[in-house]
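Accompanying notes for the structure given below.
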Amino acid sequence: MPTFNDLWLVSPSLLLFFGALVIMLAEAIVRPASKSGFSAIAMVVLFASAGLTASLYGSDPASAFGGMLRVDKFGLFSQLICLIAGMLAVSFSNDYLERLGLRVGEYYALVLFGVMGMGLMAQANDLIMVFVSLEVMSISMYILCALKRADPRSVEAGFKYFILGAFSSGLMLYGISFLYGGVGTTSLPGISAYFMGPHAPGQEGVLVAIGGALLITGFGFKVASVPFHMWAPDVYQGAPITVTSLMASGVKAASFAAFARFVFGVVGAHVSGFTGVLWWMAALTMVVGNLGALAQRDLKRMLAYSSIAHAGYLLMALSAAAEGSARANPALASLLYYLLAYTFMNAGAFIVLAAFTRDGADNTDIDALAGLGKRKPWLAAGLSLCLLSMAGIPPTMGFVGKFYLFSAAIQSGNVGLAIVGALAAASGVYYYLRPMVYMYMKDGHAETESSPAAYAGLAVSGFALLAFGLIPGPMLAVAQQSLQSLFG
Amino acid sequence: MFEAVLFYVFSLVAMMSGVGVVTMRNPIASALSLVVCFFFLAADYVLLDAHFVAVIQILVYAGAIMVLFIFVIMLLNLRHGDQLTFEDIGRRSIVGMGTAGLLAVGLFTALGQLPVVLPAQIPADYGTIAYIGKALFEGPYLLPFETVSALLTVAVVGAVVLAKKEI
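So the sequences go chain by chain: X and Z.
Going by the numbering used here, the letters in the first sequence line up with residues -18 to 469, in that order.
Going by the numbering used here, the letters in the second sequence line up with residues 18 to 184, in that order.
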């Protein structure tokens, strides 16, 4: 039976759940004019949930609900990243949706549900819980993608994401059933213990191989890694910008957290073939993502390919981490740090892009940026900072993150992968710098509109990128510390 | 022994009606073939002591979901000439059969390696509704069960938001 302590351990998610219910109930009774208050409610709920998460961070790691969740520092750190992604997305949602002509309270309810799913997924310690929370997150995202119902692109994005996502969920579930057949349990520590224990070698071979491969496919789809990336550009382009921002960082953080737990529970040192699979996925994702972005003139599409490339860098860390132990693993710590960095730079870039939306339509063509440097120097500076950070240029958080990612990969002996990644990242500098050329060196009259809340979101992102980039020590120490209780 | 024979007979019928779903040209016939498939699967579940799953299979799949399918087919208002045609199926069927063959090889190899791990003792009431109820509400599956309620809420909200005339 669950105890009060169990409820306390899931209180951040519970709060999000009740916040979403309150918004949905209020939606039914409030006048349309006062619906802009929903973004404030959502922000407060997200902030309070982040506070609860942070206060849980200090306590000892514990299992909740009979081992379904493992509330450890790793999961809480990942949950915090998802909450930050949610807060940054909500910060520029209100006026952006207003300009799009979408005035729906359900938007915020779905964002809260989605973030709740992400947080649960980051802490799930059982494949059943991984699957259920992944579905809560994904279905919220499918709906949010299609929210601009009058825009065929948005509907296409939602539909495409839904069909492919349902297919990948099916594969994942199929993989879970194979693993269960081979190992006799769905709990991650249970699976890990099975591999550590005395079992007849090779007996579970095929079942575990098929199950693991199908699960990797499912995770690979969620993080948009090659060869499961084809949906990402269309979906990122079609979805409302705020949703794209949440999708690119929050979904990625949650999926990578669950992926990492899975890698250490199942793949790790036990099943050697999978590290090779991760190696190839990482290499292909970095190359295809960066090369794909080179040709894009639409900034949302460009950022979608860049998000694929970033998934590649993170996969590189995972592939490097899979060969070491879970604790004091520099690759895993750099993964967490980079996820945080990516959340800030991604949200910052999308906040600036959302400022170009007018008369119910997005305008994310690169030509729209022309002249922004003169007309709105702060927006231009914010976007430049985020792009420089994505390119990995000092003194930003992106540089520190990339530095630790690549050095961790080299330390673990993955020199080849690091070389592939460095070459791919170098080619990426071209497309990150091109928008800056448009902003500062081309004449034009960029028309933008931003609310103070959006500026605040941009300022927070920019400040974090610079502050943690100039003084990376403390945040890296926190990321390191987060690993100590993993599978403890 | 008798149960084993029944199991294989039921499975055979389920598989044959499954093939019927894809090969029938009339959509209604396809849908009815699917109903047969669901019923015989449910019979298999009963034989495997999974009573709860069997009942749910009938109630949800053979009942609610099939009604939905047939409604949609009726609403589409197919005329006689609109029956499905199988043009250009040659190449696709090669890919499909290749995938199915690959899966079959994998499954048979996996089956060859069974039994893998079975619990030392299976409780007497295993698979009954009482057992499942305890596992869901008192056992370890409480949290996923409750999270599914959030999942269903999200799905309902989504259906309304996306389908409502005005938002």
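Ideal placement from N, C-alpha and C gives every residue a C-beta, glycine not left out.
In this text the structure is predicted, and so the values were computed from the model without any measurement.
Residues that residue i bridges to, as DSSP identifies them
i: X:Asp107; result: X:Ser168
i: X:Asp279; result: X:Asp346
i: X:Ser44; result: X:Arg51
i: X:Arg134; result: DSSP output for X:Arg134 lists no bridge partner at all.
i: X:Arg339; result: X:Ala342
Own chain partners of residue i with C-beta closer than 7 Å, once the 5 adjacent residues on each side are dropped
i: X:Leu91; result: Ser121, Ile124 and Leu125
i: X:Ile374; result: Phe380
i: X:Ala264; result: Leu398 and Val401
i: X:Ser230; result: Ala66, Tyr323, Thr324, Asn327 and Ala328
i: Z:Arg109; result: none
i: X:Val52; result: Leu(-10), Leu37, Pro42, Ala43, Ala45 and Gln104
i: X:Asn310; result: Ala302 and Leu464
i: X:Ala29; result: Leu(-4)
i: X:Ser20; result: Val71, Ser74, Asn75 and Tyr89
i: X:Asp279; result: Gln218, Thr345 and Asp346
Which listed residue (the options) has its alpha carbon closest to that of residue i
i: X:Val232; options: X:Ile222, X:Ala335, X:Thr324 and X:Pro170; result: X:Thr324
i: X:Leu(-10); options: X:Leu27, X:Ile22, X:Cys63 and X:Leu50; result: X:Leu50
i: Z:Asp66; options: Z:Leu76, Z:Leu29 and Z:Ile149; result: Z:Ile149
i: X:Val330; options: X:Met24, X:Ala138, X:Ala43 and X:Met283; result: Residue identity check: residue 330 of chain X is Ala in the sequence provided, not Val. Of X:Met24, X:Ala138, X:Ala43 and X:Met283, the residue nearest in Cα terms is X:Met283.
i: X:Ile62; options: X:Phe73, X:Val85, X:Tyr38 and X:Ser135; result: X:Tyr38
i: X:Gly67; options: X:Asp76, X:Ala285 and X:Gly98; result: X:Gly98
i: X:His291; options: X:Ser442, X:Leu368 and X:Pro453; result: X:Leu368
i: X:Pro499; options: X:Gly82, X:Asp107, X:Ala406 and X:Ala70; result: No statement about residue 499 of chain X is possible, as the shown extent of chain X runs from -18 to 469 and does not include it.
i: X:Val224; options: X:Tyr421, X:Gly100, X:Ala274 and X:Lys129; result: X:Lys129
i: X:Gly100; options: X:Ala31, X:Ala460 and X:Gly0; result: X:Ala31
i: Z:Ala176; options: X:Tyr88, X:Leu115 and X:Leu108; result: X:Tyr88
i: X:Val187; options: X:Gly254, X:Phe(-15), X:Ala301 and X:Ile10; result: X:Gly254
i: X:Leu78; options: X:Ser463, X:Ser431 and X:Val459; result: X:Ser431
i: X:Asn344; options: X:Ala220, X:Ser236 and X:Ser393; result: X:Ala220
i: X:Gly86; options: Z:Gly156, Z:Phe162, Z:Pro157 and Z:Val174; result: Z:Val174
i: Z:Tyr158; options: X:Val204, X:Pro(-17), X:Val244 and X:Ala9; result: X:Pro(-17)
i: X:Pro170; options: X:Gly151, X:Pro455, X:Arg339 and X:Phe245; result: X:Phe245
i: X:Ser236; options: X:Phe209, X:Phe202, X:Ile222 and X:Gly257; result: X:Phe202
i: X:Gln461; options: X:Ser173, X:Phe55 and X:Leu295; result: X:Phe55
i: X:Arg339; options: X:Leu108, X:Tyr155, X:Ile222 and X:Ser173; result: X:Ile222
i: Z:Val30; options: Z:Phe19, Z:Val39, Z:Thr116 and Z:Asp61; result: Z:Asp61
i: X:Leu321; options: X:Leu414, X:Gly257 and X:Val459; result: X:Val459
Whole-Å CB distance - residue i paired with residue j, under 8 Å assumed
i: X:Leu93; j: X:Met153; result: Not a contact, Cβ separation roughly 24 Å.
i: X:Ala234; j: X:Ile289; result: That belief does not hold up - the Cβ atoms of X:Ala234 and X:Ile289 are roughly 16 Å apart, past 8 Å.
i: X:Ile191; j: Z:Gly123; result: 5 Å
i: X:Ala274; j: X:Gly409; result: 7 Å
i: X:Ser365; j: X:Met417; result: 5 Å
i: X:Ala427; j: X:Lys357; result: 7 Å
i: X:Ile172; j: X:Thr166; result: 6 Å
Residue i beta carbon near the ligand COA (any heavy atom closer than 7 Å)
i: X:Thr166; result: In the structure shown, the ligand COA is absent, as is every other ligand, since no ligand is present at all.
Nonlocal neighbours in the same chain, by C-beta distance under 8 Å from residue i, ignoring five residues either side
i: Z:Ala79; result: Val52, Phe55, Phe56 and Ala59
i: Z:Ile90; result: Pro44, Ile45 and Ala48
i: X:Leu360; result: Val333, Ala336, Leu353, Thr429, Ser431 and Leu439
Residue i and residue j closer than 8 Å at C-beta
i: X:Ser149; j: X:Ala103; result: no
i: X:Met378; j: X:Ala445; result: yes
i: X:Met110; j: X:Gly95; result: no
i: X:Tyr217; j: X:Ala285; result: yes
i: X:Ala405; j: X:Val268; result: yes
i: X:Pro376; j: X:Gly450; result: yes
i: Z:Ala71; j: Z:Val63; result: yes
i: X:Ala336; j: X:Thr429; result: yes
i: X:Leu259; j: X:Tyr319; result: no
i: X:Ser168; j: X:Asn75; result: no
i: X:Ala138; j: X:Asp215; result: yes
i: Z:Ile139; j: Z:His68; result: no
i: X:Phe200; j: X:Phe140; result: no
i: X:Gly354; j: X:Met262; result: no
i: X:Leu64; j: X:Leu115; result: no
i: Z:Met41; j: Z:Ser50; result: yes
i: X:Val113; j: Z:Thr164; result: yes
i: X:Phe(-2); j: Z:Ala167; result: yes
Own chain, CB closer than 6 Å to residue i, minus 5 neighbours either side, in chain order
i: X:Leu439; result: Gly329, Ile332 and Gly363
i: X:Met24; result: Val71
i: X:Leu145; result: Trp212
i: Z:Leu114; result: The identity of residue 114 of chain Z in the sequence shown is Met, whereas the question assumes Leu. If we look at Z:Met114 and ignore the five residues flanking it on each side, it has no Cβ neighbours.
i: X:Ser315; result: Ala298, Tyr385, Leu386 and Ala389
i: X:Met5; result: Ala90
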